[in-house]
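Take a look at the structure below.
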Amino acid sequence: MGTQLSPEAHARLTEELQQLSTVGRVEIAGQIEQARALGDLSENGDYHAAKESQGKMELRIRQLQATLRDAEIVEASGSDSVVAGTRVTIRYDGDGDTETYLVGSIEEQYEGVDVVSPGSPLGAALLHHGVGDTVTYSTPAGRLLRVEILSID
151 MGTQLSPEAH ARLTEELQQL STVGRVEIAG QIEQARALGD LSENGDYHAA KESQGKMELR
211 IRQLQATLRD AEIVEASGSD SVVAGTRVTI RYDGDGDTET YLVGSIEEQY EGVDVVSPGS
271 PLGAALLHHG VGDTVTYSTP AGRLLRVEIL SID
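The structure is reproduced here in structure tokens:
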């Protein structure tokens, strides 16, 4: 199964890939050519910085291509249970504080909301449960934790 993305995140990542693959590559190539014109490449900081930026950009392009190639677009709206792409507010057993998470890919971005992968222990425990349900999951250290689902949006 590929990365689950909301339609909005898929569109945003597709746009980012298009921008990096076209405008981004042209801009970096121009920076490299300008730096080459300055002379000796062995001591040319501008050249090395531009080449490093090019490498980082090409890595991001490959990451985006892989993510989008294997992506599964999920529509979370209207669900009464936790699915990829939903925000869920939980309370840990014995704790009065609440925490809100987006269950989904790290590529999903919501201001001020942490992301938990559906494949993580917490994310997997929350999947397909509804408001009022209490789920138990095991942390990587082997500790059992219980959380109550307070709301889903």
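Per the working numbering, the sequence shown starts with residue 151, numbered consecutively. Cβ atoms here follow ideal geometry from the backbone N, Cα and C, with glycine treated the same way.
Assumed close pair residue i, residue j - CB separation to whole angstroms, cut-off 8 Å
| i | j | result |
| --- | --- | --- |
| Ile256 | Glu249 | Not a contact, Cβ separation roughly 17 Å. |
| Val238 | Leu276 | 6 Å |
| Pro268 | Gly254 | 7 Å |
Residue burial classification, residue i (beta-carbon count within 10 angstroms, cutoff 16)
| i | result |
| --- | --- |
| Glu261 | exposed |
| Leu191 | exposed |
| Leu163 | buried |
| Ala200 | buried |
| Gly244 | exposed |
| Gly195 | exposed |
| Gly292 | exposed |
Proximity to residue i [Cα-Cα], best of the options
| i | options | result |
| --- | --- | --- |
| Leu252 | Gly246, Val265, Tyr242 | Val265 |
| Gly207 | Arg162, Leu218, Ala179 | Per the sequence shown, residue 207 should be read as Met rather than Gly. Here the closest residue by C-alpha is Ala179. |
| Arg219 | Leu167, Asn194, Val285, Leu300 | Leu167 |
| Ala159 | Glu258, His278, Thr286 | Glu258 |
| Ser171 | Gly205, Gly273, Glu193, Val285 | Gly205 |
| Leu295 | Gly273, Ser301, Asp303 | Gly273 |
| Thr217 | Ala161, His278, Val285 | Ala161 |
Nonlocal neighbours in the same chain, by C-beta distance under 6 Å from residue i, ignoring five residues either side
| i | result |
| --- | --- |
| Tyr242 | Val297 |
Spatial neighbours of residue i in its chain, beta-carbon cut-off 8 Å, leaving aside the 5 residues before and after
| i | result |
| --- | --- |
| Asp283 | Glu298, Ile299 |
| Pro271 | Tyr287, Ser288, Thr289, Pro290 |
| Ser203 | Ile178, Gln181 |
| Tyr197 | Ile182, Ala185, Arg186, Leu188, Leu191 |
| Asp247 | Arg241 |
Close Cβ partners of residue i (< 7 Å) along its chain, the five nearest in sequence each way excluded
| i | result |
| --- | --- |
| Gln215 | Leu167 |
| Val263 | Arg237, Thr250, Tyr251, Leu252 |
Checklist line | Three CB pairs or more closer than 8 Å across the segment 151-160 and the segment 213-233 | finding: By the C-beta criterion, the segment 151-160 is judged to be in contact with the segment 213-233, since at least 3 inter-stretch pairs fall below 8 Å.
Item checked: Segment contact flag, the segment 204-216 with the segment 173-182, C-beta cutoff 8 Å, min 3 pairs -> They touch, by the three-pair rule.
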